[in-house]
Each structure stands twice: as C-alpha cells, then as structure tokens.
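**Student:** Here it is, the structure, as structure tokens.
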Amino acid sequence: MGQAAGPEQGLTPLTNLELADLLEEIGDLLELKGDEGFRVRAYRRAARVVRGLGEPVQRVAEEGRLRSLPGVGPALAAKIQEMLTTGTSQYLEKLREEIPPGLREVMLVPGVGPRTAALLHSELGVADLESLEAAARAGRLRSVPRLGLRREEAILEGVARVRARGGLVPLAVARPLALELAAMLARRSEVVRVEVAGSVRRWCETVEAVVLVAAGPDPARIVEAFGALPGFREPPERSAGRARGRWGAGVPVELEATLPEAFGVALVRLTGSEAHWRRLEERAQGRGMRLGPAGLCVDGRQVPCDGEDELYRLLGLPPIPPELRENGHEVEEAAAGRLPRLLEPSDIRGDLHVHTDWSDGTASLEEMAIAARSRGYEYLAITDHSRSLAFARGLDVARLRGQAEAVAALNHKLAPFRVLAGIEVDILADGSLDLPDAALAELDFVIASVHSRMRQDRVTMTARLLRAIASPHVDVIGHLTGRLIGEREPCELDHEAVLEACAASGTALEINASPHRLDVDRCLARQARDRGVTLTLGTDAHDRVSLEDMAFGVGTARRARLGPGEVLNTLSADELLACRKG
DNA sequence: GCCGTTTTCGGCCCGACTGTTTTCAGTCG
Numbered sequence: 010m011g012q013a014a015g016p017e018q019g020l021t022p023l024t025n026l027e028l029a030d031l032l033e034e035i036g037d038l039l040e041l042k043g044d045e046g047f048r049v050r051a052y053r054r055a056a057r058v059v060r061g062l063g064e065p066v067q068r069v070a071e072e073g074r075l076r077s078l079p080g081v082g083p084a085l086a087a088k089i090q091e092m093l094t095t096g097t098s099q100y101l102e103k104l105r106e107e108i109p110p111g112l113r114e115v116m117l118v119p120g121v122g123p124r125t126a127a128l129l130h131s132e133l134g135v136a137d138l139e140s141l142e143a144a145a146r147a148g149r150l151r152s153v154p155r156l157g158l159r160r161e162e163a164i165l166e167g168v169a170r171v172r173a174r175g176g177l178v179p180l181a182v183a184r185p186l187a188l189e190l191a192a193m194l195a196r197r198s199e200v201v202r203v204e205v206a207g208s209v210r211r212w213c214e215t216v217e218a219v220v221l222v223a224a225g226p227d228p229a230r231i232v233e234a235f236g237a238l239p240g241f242r243e244p245p246e247r248s249a250g251r252a253r254g255r256w257g258a259g260v261p262v263e264l265e266a267t268l269p270e271a272f273g274v275a276l277v278r279l280t281g282s283e284a285h286w287r288r289l290e291e292r293a294q295g296r297g298m299r300l301g302p303a304g305l306c307v308d309g310r311q312v313p314c315d316g317e318d319e320l321y322r323l324l325g326l327p328p329i330p331p332e333l334r335e336n337g338h339e340v341e342e343a344a345a346g347r348l349p350r351l352l353e354p355s356d357i358r359g360d361l362h363v364h365t366d367w368s369d370g371t372a373s374l375e376e377m378a379i380a381a382r383s384r385g386y387e388y389l390a391i392t393d394h395s396r397s398l399a400f401a402r403g404l405d406v407a408r409l410r411g412q413a414e415a416v417a418a419l420n421h422k423l424a425p426f427r428v429l430a431g432i433e434v435d436i437l438a439d440g441s442l443d444l445p446d447a448a449l450a451e452l453d454f455v456i457a458s459v460h461s462r463m464r465q466d467r468v469t470m471t472a473r474l475l476r477a478i479a480s481p482h483v484d485v486i487g488h489l490t491g492r493l494i495g496e497r498e499p500c501e502l503d504h505e506a507v508l509e510a511c512a513a514s515g516t517a518l519e520i521n522a523s524p525h526r527l528d529v530d531r532c533l534a535r536q537a538r539d540r541g542v543t544l545t546l547g548t549d550a551h552d553r554v555s556l557e558d559m560a561f562g563v564g565t566a567r568r569a570r571l572g573p574g575e576v577l578n579t580l581s582a583d584e585l586l587a588c589r590k591g
C-alpha cells in the first residue's frame with residue numbers, strides 16, 4: 010500500500026498484460042527487422058511468461074526475483090526493470106524509430122508474415138494497413154519479387170477482413186480492461202458503487218465498447234475523476250453524467266455516472282441488450298409505469314431503484330441474468346417463471362483441458378495441479394499435445410507413458426485431489442488419431458482436436474471429424490471449429506452431421522473457455538444441448554493464470570442456457586470416469 | 001535472447017503447404 014507511483018509522478022505501474030505487450034512488440038519489431046529467430050522467440054517467450062504470471066511482475070521486480078522467471082536472463086531482466094520504472098525501454102524506442110510500428114498490423118493480414126511485410130516496406134514503402142491497401146489496389150504488389158497476382162488478390166481480401174473486425178474489441182481484451190477500470194474507479198472517494206455493464210457483462214465474444222456505470226452523490230465529480238484517469242490517449246468527451254474516450258491502444262470506453270438511487274435503472278439500460286431494454290419499457294408501460302433513461306416513473310413520481318433486482322421486482326419480474334438478456338423473449342419467460350436454471354461457476358468441479366511444460370505449457374504438472382486445487386477444484390485433466398504437433402513438443406507414446414507415471418505419483422501426493430491422465434490428441438488430416446488406440450485406451454480422458462489443415466473443404470473436414478468422433482477412445486472433441494476470435498474464421502463443417510454423430514456415439518463437445526476461442530460458441534452449444542450432446546468446459550490453459558479463463562466458458566455456457574446437468578465437469582471425478590464411452 | 005547431468009559455447013524449432021518458381025522462401029499451426 011502507498012508504494013505505487015502516484016499521480017505526482019504521472020506514471021501508473023504497468024500491469025503484467027501491458028508489460029507483456031511491450032515485450033511482444035519488441036519481438037515483432039525485431040522480426041520485421043530480420044533479426045535471427047532465437048532472439049525474437051526469447052522476447053515472445055518472456056511476454057508469455059509475464060502474461061501467465063500468477064502475481065504482479067511489479068512485485069517480482071521489487072523483490073529482485075526477475076531472473077528467477079523462466080526465460081528471463083540478464084538482458085531481459087534489465088529491460089523489464091526499465092519498463093517498470095519508465096513505462097518503456099530505450100531499446101524499444103529505438104526499434105520504433107527504425108521500423109514503422111504500423112507494419113505490425115500489416116502482419117495481421119493472412120499470408121503476410123515478417124519477411125513479406127519487410128519486403129513490402131523496402132520495395133513499396135508500405136508502412137501500415139492503409140498504404141498496403143493503396144499499393145494493392147494500384148496493382149503494385151504483383152511486381153514485387155515472390156509476389157504475384159494471386160497473392161495480391163489474397164492480400165487485398167485479407168486487408169478487408171482485418172478492417173472488418175477492426176471496430177470490434179474481443180472480449181479477451183475488453184473484459185480485463187473493464188475490470189481494471191472498475192477497480193480504479195472503485196478506489197475513488199467520489200464513487201460509492203461501480204459496475205461493468207454493456208456487452209462485456211453479457212459475455213458477448215466481441216464488444217463495441219467497454220461500458221461502466223458508477224454511482225455517487227455527485228455524478229459530475231465522478232465523470233471528472235474518470236476523465237483524469239491515466240491511460241486515455243486524449244481527454245475523453247464529457248457531457249452531463251457521461252464520458253467516452255479511447256483507452257490505451259484505442260479501445261472505446263464509456264462511463265455513465267448516476268445518483269445512487271438511479272443506479273439500478275442505469276445498470277439495466279447500459280447492460281442491454283437494446284431489445285431487452287425495449288421489452289422492459291413496454292412492460293412498464295403495460296403496467297401503467299414509465300421506464301426511460303431518467304428512471305422509473307409511477308404516477309408521475311420517480312421511484313428510487315438502487316439495484317437491478319429492485320427494477321425487475323417493480324416490473325413484476327424475477328432478476329434476469331445478464332447472459333439471457335438478448336432478444337427480449339426472456340422477459341416473457343421470466344414473467345411466466347420459466348427462466349432456466351443456469352450453470353454457476355461454483356458448479357464446475359474441475360478443468361478438463363490444460364497443458365503443462367511437458368508440451369507447450371509454461372508450468373509443471375504439479376504447479377498446474379496445485380493451482381487447480383487452490384481454485385477449489387476436485388480434479389484436473391492433463392491434456393498435453395500429441396506427437397505430430399512437433400512445434401509444441403507434442404508427446405509420443407513413450408513420453409505419454411512417462412507423464413502418466415508422473416501423474417500417478419502426483420495423485421499419491423495430492424490426494425484426495427485427482428489428476429486425470431489425459432491427452433489432446435491431434436486429429437490428422439484423414440481423421441485418424443495421432444496416437445495408437447492402445448496408448449489412448451490407458452488414459453483417463455481423451456480430447457481430440459484439429460490443429461492443422463484447417464482449410465479443408467466442408468465434406469472432407471466433416472468426414473475427418475466423424476471418423477474421430479467414432480473412435481471409442483475419444484471422450485471429447487476440442488475446439489470444434491478452430492476459430493480464433495477476430496483472427497481466424499471457423500472451419501467449414503456440417504454441424505448437423507457432427508452433432509448427430511456426437512449424440513449417437515456419446516462423444517462430448519468442448520466449450521473451449523479460452524477467450525480467444527470460445528469454441529463451440531453459444532449457438533452451437535445450444536444446438537448441441539438440444540440434440541442431447543453433452544458439453545465439457547476446458548480452459549486450454551498453458552499457464553496457471555489462464556485457469557481463470559473458466560469464467561469465460563461459464564459465461565458462454567450460460568448464454569447457451571446450459572444448466573449443470575448438461576456439463577460434464579459438474580460431475581465428480583468418479584462419476585466422470587464412469588460415464589466414459591465403451 | 002536464454003540455458004546448462006551436453007555448463008560459458010553451441011544448441012534452441014519441426015513439417016507441410018502455397019504460390020512462386022524452375023529449386024524454394026515464407027507462412028502457419
């Protein structure tokens with residue numbers, strides 16, 4: 010307490026995520042510069058370690074433990090220290106002068122990596138997405154060595170795709186920022202109460218803006234305090250009780266400040282969806298009240314509403330969970346007492362998809378297990394990659410057996426906590442599995458996932474998945490569509506055929522809880538449920554911190570209206586093992 | 001860049017596909 014840099018120094022302590030971004034940027038710029046690959050990887054590895062660190066890197070630095078982090082040697086420790094003190098590093102600043110930072114977004118275009126981006130820069134002076142698009146439209150790309158008409162067309166299409174998603178912020182970015190901003194506001198004396206609202210609160214996978222609602226006796230002072238937070242690129246626009254601006258790299262952020270007695274109505278309105286709010290307005294009108302931005306009026310008098318539940322109660326409704334506030338029909342359901350019992354975070358008894366340093370994770374088997382136990386779980390399934398994912402150090406039969414032995418030893422040590430010996434076995438291009446049946450048969454839990462050849466046509470990809478689903482050893486299909494939100498489109502697939510095969514064979518489908526994936530999504534999860542397919546939740550964590558991503562999985566499951574009975578991880582370890590196939 | 005029952009240098013990250021070529025560099029998972 011009191012140690013953090015105050016406003017008098019004009020510097021807020023860097024969060025782990027911000028520091029990781031700076032390290033990532035150095036990696037990208039070095040790569041664009043043509044630096045040898047190992048240094049680039051060192052920066053990226055350090056970024057990953059910092060991102061997945063279970064404690065503030067600030068504290069690690071203060072206690073002189075930076076060098077103890079894996080992948081952090083003398084050079085990186087010094088740069089991290091400098092970044093924590095000054096907010097940047099001279100090395101990074103120099104790189105930014107040498108290489109146009111806009112080239113980083115050029116690399117977002119599919120098919121354009123560091124070499125091509127650098128080539129486009131040197132040959133055509135491309136420095137960002139705009140100049141790339143202009144050059145492509147002018148037909149100047151096709152004349153560059155190793156490029157041609159086909160790639161020019163593909164790049165133009167890719168630019169459009171990158172653009173299209175440009176306006177939306179992935180939940181993976183928006184939610185941590187929303188929570189951080191809410192925490193900053195909560196510390197201000199002007200603020201009595203603050204909540205995250207908007208699409209973030211409804212766990213939408215992408216959002217237009219981070220929206221916050223804060224209450225206090227003097228809303229104007231809250232708006233003022235909000236505008237003064239460090240992190241806005243330029244001062245946010247302010248109007249009565251409101252402020253909106255762009256935070257950090259440009260994420261749109263909005264605040265509405267109210268009096269405490271108007272907080273409930275504001276929170277419901279700003280949480281949305283719009284259809285939900287409209288439906289509530291209609292319902293109020295139907296009951297002789299008037300609901301609007303100013304609040305709820307009964308007989309011409311403003312009724313105080315300091316919480317959401319109070320508003321719903323006045324409208325004759327039970328509280329409606331934010332995840333259900335979508336098309337407005339949920340209001341009728343609520344009125345009829347037919348709201349579903351939704352999955353709760355506390356229903357989840359274990360994580361069914363994690364990686365360790367046996368493959369491409371950063372934490373050891375024991376570290377992951379202990380982290381899972383301290384989250385209150387009863388069990389954890391270890392599901393590292395298999396053989397063919399060489400770049401992730403995937404496990405072959407021998408190493409898998411070695412890991413199973415290590416798991417057995419760990420179970421002895423951590424009992425009654427259970428570690429399940431599992432695998433995320435690769436589904437190869439023809440639908441066969443990357444490990445022999447005999448090896449899979451020995452495991453407690455088998456996820457099968459596609460990691461390569463993701464652009465197969467619909468027929469081929471469907472057949473490929475059906476073959477994996479038919480395997481008696483496969484318990485779950487992991488991240489079915491392979492999409493990465495804002496980065497990679499889902500693969501072509503006959504969903505109906507897949508769901509039918511899952512239902513018939515008793516194969517579960519995963520809701521991958523990584524906020525970058527959320528795969529299967531809400532719609533597909535709901536369809537699966539309707540077809541009698543069981544779902545599992547797995548974080549796909551590659552470090553201890555990412556075990557917290559389970560919240561995103563639960564949010565998605567709730568949006569899909571799943572209850573505890575439809576999710577495998579609500580079972581005990583014994584029940585789970587008992588209901589495996591075969 | 002980091003790291004060391006290969007310990008202060010020499011490894012570390014592999015294989016398939018694609019569009020461009022006429023033998024392969026670059027991208028991706």
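Everything in the first sequence is counted per our numbering, starting at 10 for the first residue and increasing by one. Ideal Cβ placement from N, Cα and C applies to all residues, glycine included.
Less than 8 Å separating the beta-carbons of R288 and G346?
**Tutor:** Along the first sequence, one-based indexing puts residue 288 at 279. Along the first sequence, one-based indexing puts residue 346 at 337. Contact check for R288 against G346 fails: the beta carbons are separated by 8 Å or more.
**Student:** If we count Cβ pairs, one from each stretch, closer than 8 Å, do we get three or more for the stretch 350-369 versus the stretch 529-539?
**Tutor:** With the cut-off at 8 Å, the stretch 350-369 and the stretch 529-539 do not touch.
**Student:** Quick one: using the 10 Å Cβ neighbour count with 16 as the cut-off for buried, is L158 buried or exposed?
**Tutor:** As a first step, residue 158 is located in the first sequence; it is residue number 149 there, counting from the start. Under this definition L158 is an exposed residue.
**Student:** Since V219 and A195 should fall inside the 8 Å C-beta cutoff, what is the C-beta to C-beta distance between them, to a whole number of angstroms?
**Tutor:** To locate residue 219, count along the first sequence from 1; it is residue 210. To locate residue 195, count along the first sequence from 1; it is residue 186. So it is not a contact: roughly 15 Å between Cβ atoms.
**Student:** Who are the Cβ neighbours of D315 in its own chain at under 6 Å, not counting the five residues just before and after it?
**Tutor:** Start at 1 with the first residue of the first sequence, and residue 315 comes out as number 306. Within the same chain, and ignoring the five residues on either side of D315 in sequence, the residues whose Cβ sits closer than 6 Å to its Cβ are P269, E270, F272, G273.
**Student:** Identify the residues that DSSP records as bridge partners of G359: which are they?
**Tutor:** Start at 1 with the first residue of the first sequence, and residue 359 comes out as number 350. Y388, per the DSSP bridge assignment.
**Student:** Who are the near neighbours of C306 in its chain, counting only those whose CB is closer than 8 Å to its CB and skipping five residues on each side?
**Tutor:** Taking the first sequence and counting its residues from 1, one reaches residue 306 at position 297. Taken in chain order, the residues that qualify are M298, R299, L300, V312.
**Student:** Please report the distance separating the alpha-carbon of R462 from that of P239.
**Tutor:** Walking along the first sequence from the start, residue 462 turns up at place 453. Walking along the first sequence from the start, residue 239 turns up at place 230. Roughly 45 Å between the two C-alpha positions.
**Student:** Kindly provide the ranges of any alpha helix (DSSP H) runs that are 4 or more residues long and lie completely inside the stretch 523-579, ordered along the chain.
**Tutor:** Here the runs fully enclosed are 531-539, 559-568.
**Student:** Below 8 Å between beta carbons: does that hold for V232 and A191?
**Tutor:** Position 223 of the first sequence, counted from the first residue, corresponds to residue 232. Position 182 of the first sequence, counted from the first residue, corresponds to residue 191. Not closer than 8 Å, so no.
**Student:** Could you check where the alpha helix (DSSP H) with T24 kicks off and where it finishes?
**Tutor:** Locating residue 24 in the first sequence gives position 15, where the first residue counts as 1. No alpha helix (DSSP H) holds T24; DSSP gives it neither H nor E.
**Student:** From A128 to E45, what does the alpha carbon distance come to, in whole angstroms?
**Tutor:** Walking along the first sequence from the start, residue 128 turns up at place 119. Walking along the first sequence from the start, residue 45 turns up at place 36. One detail in the question is off: residue 128 reads as Leu in this sequence, not Ala. Each residue's alpha carbon lies about 16 Å from the other.
**Student:** With 16 as the cutoff for other CB atoms within 10 Å, does R467 come out buried or exposed?
**Tutor:** For the purposes of this step, residue 467 is taken as residue 458 along the first sequence, with counting starting at 1. Result: exposed.
**Student:** Output the boundary residues of the beta strand (DSSP E) element that contains D369.
**Tutor:** Looking up residue 369 in the first sequence gives position 360. Unbroken run through D369: none, as it is neither H nor E.
**Student:** Less than 8 Å between the beta carbons of G359 and N578, yes or no?
**Tutor:** Start at 1 with the first residue of the first sequence, and residue 359 comes out as number 350. Start at 1 with the first residue of the first sequence, and residue 578 comes out as number 569. Cβ atoms of G359 and N578: closer than 8 Å.
**Student:** Considering Cα atoms alone, identify which of R384, A569, S395 is closest to W367.
**Tutor:** Sequence index remark: in the first sequence, residue 367 carries index 358 (1-based). Of the candidates R384, A569, S395, the one whose C-alpha sits nearest the C-alpha of W367 is S395.
**Student:** Can you give the Cα-Cα distance for G148 and L85, rounded to whole angstroms?
**Tutor:** Stepping through the first sequence from its first residue, residue 148 is reached at position 139. Stepping through the first sequence from its first residue, residue 85 is reached at position 76. So the alpha carbons of these two residues sit roughly 42 Å apart.
**Student:** Is DSSP giving I108 helix, strand or coil here?
**Tutor:** For the purposes of this step, residue 108 is taken as the residue at position 99 of the first sequence. Residue state, collapsed to three classes: coil.
**Student:** Within a Cβ cutoff of 7 Å, which residues of the same chain sit near K88, ignoring the five residues on either side of it in sequence?
**Tutor:** In the first sequence, counting from the first residue as 1, residue 88 sits at position 79. Same-chain partners within the cutoff: S98, Y100.
**Student:** Please classify E519: does DSSP put it in a helix, a strand, or coil?
**Tutor:** Residue 519 sits at position 510 when you count from the first residue of the first sequence. Under the three-state reduction of DSSP, E519 is assigned to strand.
**Student:** From H482 to E40, what does the alpha carbon distance come to, in whole angstroms?
**Tutor:** On the first sequence, position 473 is the one that residue 482 refers to. On the first sequence, position 31 is the one that residue 40 refers to. Computed Cα separation, rounded: 42 Å.
**Student:** Quick one: using the 10 Å Cβ neighbour count with 16 as the cut-off for buried, is P123 buried or exposed?
**Tutor:** Start at 1 with the first residue of the first sequence, and residue 123 comes out as number 114. Per the 10 Å Cβ criterion, buried.
**Student:** Who are C306's beta bridge partners in DSSP?
**Tutor:** The residue given as residue 306 occupies position 297 in the first sequence. Paired residues: R299, Q311.
**Student:** Quick check on DSSP: helix, strand or coil for L489?
**Tutor:** Locating residue 489 in the first sequence gives position 480, counting from the first residue. Coil.
**Student:** List the whole-angstrom C-beta distance separating R211 from E332, where the pair is believed to meet the contact cut-off of C-beta under 8 Å.
**Tutor:** Walking along the first sequence from the start, residue 211 turns up at place 202. Walking along the first sequence from the start, residue 332 turns up at place 323. Right, the Cβ-Cβ distance comes to about 6 Å (below 8 Å), so this counts as a contact.
**Student:** Given G541, which residues of its chain have a CB within under 8 Å of its CB, disregarding the five upstream and five downstream residues?
**Tutor:** Numbered from 1 along the first sequence, position 532 holds the residue referred to as residue 541. Excluding sequence neighbours, G541 sits near A512.
**Student:** Under 6 Å Cβ to Cβ from S555, same chain only, skipping five residues before and after it: list those, please.
**Tutor:** Within the first sequence, the letter at position 546 stands for residue 555. Excluding positions up to five away in sequence, the list reads T548.
**Student:** Going along the chain, which residues of its own chain have a beta-carbon closer than 6 Å to the beta-carbon of A183, five neighbours each way excluded?
**Tutor:** Your numbering for residue 183 matches position 174 in the first sequence. Cβ within range, chain order: V209, V216, V219.
**Student:** Less than 8 Å between the CB atoms is what I'm expecting for D37 and R113, so what's the real figure, rounded?
**Tutor:** To locate residue 37, count along the first sequence from 1; it is residue 28. To locate residue 113, count along the first sequence from 1; it is residue 104. Correct: roughly 5 Å between the Cβ atoms.
**Student:** Below 8 Å between beta carbons: does that hold for I391 and L429?
**Tutor:** By one-based count along the first sequence, residue 391 stands at place 382. By one-based count along the first sequence, residue 429 stands at place 420. Against a cut-off of 8 Å, the Cβ pair of L429 and I391 comes out as a contact.
**Student:** Do R174 and G495 have their CB atoms nearer than 8 Å?
**Tutor:** Within the first sequence, numbered from 1, the residue matching residue 174 stands at position 165. Within the first sequence, numbered from 1, the residue matching residue 495 stands at position 486. Yes.
**Student:** Quick check: the stretch 241-258 against the stretch 278-287, are there 3 or more CB pairs under 8 Å?
**Tutor:** no
**Student:** Using the rule of at least 16 other Cβ atoms within 10 Å of the residue's Cβ for burial, across every protein chain shown, is G411 buried or exposed?
**Tutor:** In the first sequence, residue 411 corresponds to position 402, counting from 1. Exposed, by the Cβ-count rule.
**Student:** How is the alpha helix (DSSP H) around L586 delimited, first residue to last?
**Tutor:** Sequence index remark: in the first sequence, residue 586 carries index 577 (1-based). First-last of the alpha helix (DSSP H) with L586: 582-587.
**Student:** Got a sec? Which residues, its chain only, sit under 7 Å from A29 by beta carbon, not counting five neighbours each side?
**Tutor:** Position 20 of the first sequence, counting from 1, holds the residue named residue 29. Cβ within range, chain order: A56, V59, R60.
**Student:** What's the gap between the Cα of S581 and the Cα of E575?
**Tutor:** Here residue 581 refers to the residue found at position 572 when the first sequence is read from its first residue. Here residue 575 refers to the residue found at position 566 when the first sequence is read from its first residue. Spanning the two alpha carbons is a distance of roughly 14 Å.
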